[in-house]
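Here the protein sequences line up with chains G and H, keeping their order.
As numbered in the numbering used here, residues 1051 to 1224 make up the first sequence, in order.
As numbered in the numbering used here, residues 280 to 439 make up the second sequence, in order.
We put the beta carbon where it would ideally sit given N, CA and C, even for glycine.
A short write-up of the structure that comes next.
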Amino acid sequence: MLRLCHQSAQVERGFRLLMSKYQERLYWQVRRLVTEHEDANDVIQNVFVKVYRSIGNFEGKSKLYTWLYRIATNEAITFLNKKKRRQTSSIDEEEIDLANRLKADHYFDGDAAQLRLQQALVRLPEKQRLVFNMRYFDEMSYKEISASLSTSVGALKASYHHAVKKVEAFLKEE
Amino acid sequence: MPQREDILKELGNDAPHLQGIEGEGFQVPEGYFEQLPNLVFAKIQAEETLVSSAKKKRLNALDVLLNKLVIFSQPRHATLAFASLALLVAAIFLLTKRNTAVETLALEDLERAEVVQYIESNLDEFEEELFLVEVEYAPKNEYLESILEEIDVNTLEELF
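This is the structure in structure tokens:
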């Protein structure tokens, strides 16, 4: 697949193979960060355009998925930061806003508990949210998360533990 | 990769509410993942077209400029161009000269104190003759000289 991506005549074929293998996993990672489908769709398209432009420079020093994951995470965080700069609301307003947007989103059919979980996640600091998503939803090992985020396993375990406690406390409130 | 049970086991009894939530409630449009590669390639194509048309525009602009410059290779146009250039150089020269004149006038307007201060701080750069001329034209104090002549030498000795 990578060999095809590095041959100019076969790039498209190789890239389509790469997409079919990783697109769903990457999409869900992005979706969990940006929450709405329309936003996730924009971000994931930008991610793959960037990957297409730089796949020729991928030297294989890290695992392909780790490299793709980093690009997707950076793109999603850049998108969220731009969005935050446009809306200067408090965390409580952001939480209400998120609930309203999710209720209006055609591609969210979660119940009250699932909506509450999303509200709890939006309150987490960026790094804790990433670690929580990777461990709880993507079921990644700490070793894999460590390679993707360049953080020690010990620090990741502590981060995940804090995130779980915060989410549970928020869910318990109601 | 750990199994779902391992993830839940890790939480222990710390997160019963979290463990009670099944799934996230997110959906995607039907056939979305089948369509995504085509959407990405359409975007890549659109960006490439945009970049190449921008390049084309830049090249066109350069072509237009070069075509205009080619006109000056004809003798009649070359003479005109040379004459215009000569006029431009003359205008720049005249304007520069005028600016120098303005600066000279401005020097004359300087305050006496400023001139004295300048001379004092650059004393070494002036020739001695300049100062001698100045002393020669200094007005004599005739009144003081007449008093000195009138004073008796003996009177001065008494004083000291």
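For a contact meaning CB atoms closer than 7 Å, what does valine 307 of chain H contact in chain G?
For the purposes of this step, residue 307 of chain H is taken as residue 28 along the second sequence, with counting starting at 1. By Cβ distance, chain G contributes His1087 and Tyr1157.
Enumerate, from N- to C-terminal direction, the unbroken alpha helix (DSSP H) stretches of 4 or more residues contained entirely within the segment 1125-1169 of chain G.
1141-1154
Three-way DSSP call (helix, strand, coil) for glutamate 1065 of chain G in this model
Indexing the first sequence from 1 puts residue 1065 of chain G at position 15. The displayed chain sequence assigns phenylalanine, not glutamate, to residue 1065 of chain G. Helix, per DSSP.
Whole angstroms are fine: how far does the CA of glycine 1106 of chain G sit from the CA of lysine 335 of chain H?
Residue 335 of chain H sits at position 56 when you count from the first residue of the second sequence. Residue 1106 of chain G sits at position 56 when you count from the first residue of the first sequence. Lysine 335 of chain H and glycine 1106 of chain G: Cα-Cα distance of roughly 26 Å.
Neighbourhood of glutamate 415 of chain H by C-beta, 6 Å cutoff - its chain only, sequence neighbours within 5 removed
Mapped onto the second sequence, residue 415 of chain H falls at position 136. Below a pLDDT of 50, predicted positions are generally treated as unreliable, and glutamate 415 of chain H, at 49, falls in that range; the measurement from the model is reported next regardless. Once the five neighbours on either side are set aside, glutamate 415 of chain H has no close Cβ partner at all.
Taking C-beta pairs closer than 8 Å, name the residues in chain G that asparagine 341 of chain H reaches, listed in chain order.
Locating residue 341 of chain H in the second sequence gives position 62, counting from the first residue. The sequence given here places leucine at residue 341 of chain H; asparagine does not occur at that position. In chain order: nothing, as chain G lies at least about 26 Å away.
Anything in chain H within Cβ reach of leucine 1114 of chain G, meaning under 8 Å, just list it in chain order.
In the first sequence, residue 1114 of chain G corresponds to position 64, counting from 1. Under a criterion of Cβ atoms nearer than 8 Å, no residue of chain H is adjacent to leucine 1114 of chain G; the nearest Cβ is some 16 Å distant.
Range of the contiguous alpha helix (DSSP H) that encloses serine 400 of chain H
Your numbering for residue 400 of chain H matches position 121 in the second sequence. Run containing serine 400 of chain H: 391-400, per the alpha helix (DSSP H) assignment.
Enumerate in chain order the residues of its own chain whose CB-to-CB distance from histidine 1156 of chain G is below 8 Å, with the five nearest sequence positions on each side excluded.
Here residue 1156 of chain G is taken as the residue at index 106 of the first sequence, counted from 1. Hits under 8 Å: His1087.
Using CA coordinates, which residue listed in G:Gln1164, G:Ala1219 and G:Ala1122 is at the minimum distance from tryptophan 1078 of chain G?
As a first step, residue 1078 of chain G is located in the first sequence; it is residue number 28 there, counting from the start. Per the Cα distances, G:Ala1122.
9 Å is my cut-off, CB to CB: does phenylalanine 1065 of chain G come that close to chain H?
For the purposes of this step, residue 1065 of chain G is taken as the residue at position 15 of the first sequence. With 9 Å as the cut-off, phenylalanine 1065 of chain G counts as an interface residue toward chain H.
Reference phenylalanine 1187 of chain G, options G:Ala1162, G:Trp1117, G:Tyr1210 and G:Met1069, closest by Cα:
Position 137 of the first sequence, counting from 1, holds the residue named residue 1187 of chain G. Closest option to phenylalanine 1187 of chain G, Cα to Cα, is G:Tyr1210.
Threonine 1085 of chain G burial status per 10 Å Cβ neighbour count (16 or more: buried)
Along the first sequence, read from residue 1 onward, the residue named residue 1085 of chain G stands at position 35. Result: buried.
Compare the C-beta of glycine 310 of chain H with all C-beta atoms of chain G and state if any pair is closer than 9 Å.
Start at 1 with the first residue of the second sequence, and residue 310 of chain H comes out as number 31. No, glycine 310 of chain H lies away from the interface with chain G (no Cβ there is under 9 Å from its Cβ).
Are any of the Cβ atoms in chain G nearer than 9 Å to that of valine 319 of chain H?
Stepping through the second sequence from its first residue, residue 319 of chain H is reached at position 40. It does; some Cβ of chain G falls within 9 Å.
Those residues which DSSP pairs with phenylalanine 305 of chain H across a bridge:
Within the second sequence, residue 305 of chain H is the residue found at index 26, counting from 1. Note: phenylalanine 305 of chain H sits in a beta bridge opposite G:Phe1158.
Check the Cβ of arginine 1075 of chain G against every Cβ in chain H and list those closer than 7 Å, keeping chain order.
For the purposes of this step, residue 1075 of chain G is identified with residue 25 of the first sequence, where counting begins at 1. Near arginine 1075 of chain G there are no residues of chain H at all, since even the closest Cβ is about 11 Å away, more than 7 Å.
Would you say lysine 322 of chain H reaches chain G, if we count a Cβ-Cβ gap shorter than 9 Å as a contact?
Position 43 of the second sequence, counting from 1, holds the residue named residue 322 of chain H. With 9 Å as the cut-off, lysine 322 of chain H counts as an interface residue toward chain G.
Output needed for arginine 1082 of chain G: all residues of its chain with C-beta closer than 7 Å, excluding positions within five of it in sequence on either side, in chain order.
Counted from its first residue, the first sequence places residue 1082 of chain G at position 32. Around arginine 1082 of chain G: Asn1183 and Phe1187.
Spatial neighbours of glutamine 1073 of chain G in its chain, beta-carbon cut-off 8 Å, leaving aside the 5 residues before and after
Counted from its first residue, the first sequence places residue 1073 of chain G at position 23. Ile1094 and Phe1098.
Please classify glutamate 1109 of chain G: does DSSP put it in a helix, a strand, or coil?
Mapped onto the first sequence, residue 1109 of chain G falls at position 59. Coil.
Three-state secondary structure (DSSP) of isoleucine 1121 of chain G
The residue you call residue 1121 of chain G lines up with position 71 of the first sequence. Helix.
Quick one: which chain G residues come within Cβ less than 7 Å of arginine 283 of chain H?
Taking the second sequence and counting its residues from 1, one reaches residue 283 of chain H at position 4. The answer, in chain order, is Glu1189.
Minimum Cβ-Cβ distance from leucine 315 of chain H to chain G less than 9 Å
Within the second sequence, residue 315 of chain H is the residue found at index 36, counting from 1. True, the Cβ-Cβ gap to chain G drops below 9 Å.
So which residues of chain G does alanine 362 of chain H contact, with C-beta pairs closer than 8 Å?
Along the second sequence, one-based indexing puts residue 362 of chain H at 83. Here the premise fails: no neighbours, minimum Cβ distance about 52 Å.
For aspartate 403 of chain H, does the three-state DSSP call read helix, strand or coil?
Mapped onto the second sequence, residue 403 of chain H falls at position 124. Three-state result, aspartate 403 of chain H: helix.
Would you kindly check if the distance between the Cβ of leucine 1206 of chain G and the Cβ of arginine 1185 of chain G is under 9 Å?
What you label residue 1185 of chain G is simply residue 135 of the first sequence in a count that begins at 1. What you label residue 1206 of chain G is simply residue 156 of the first sequence in a count that begins at 1. Result yes, Cβ atoms of arginine 1185 of chain G and leucine 1206 of chain G sit closer than 9 Å.
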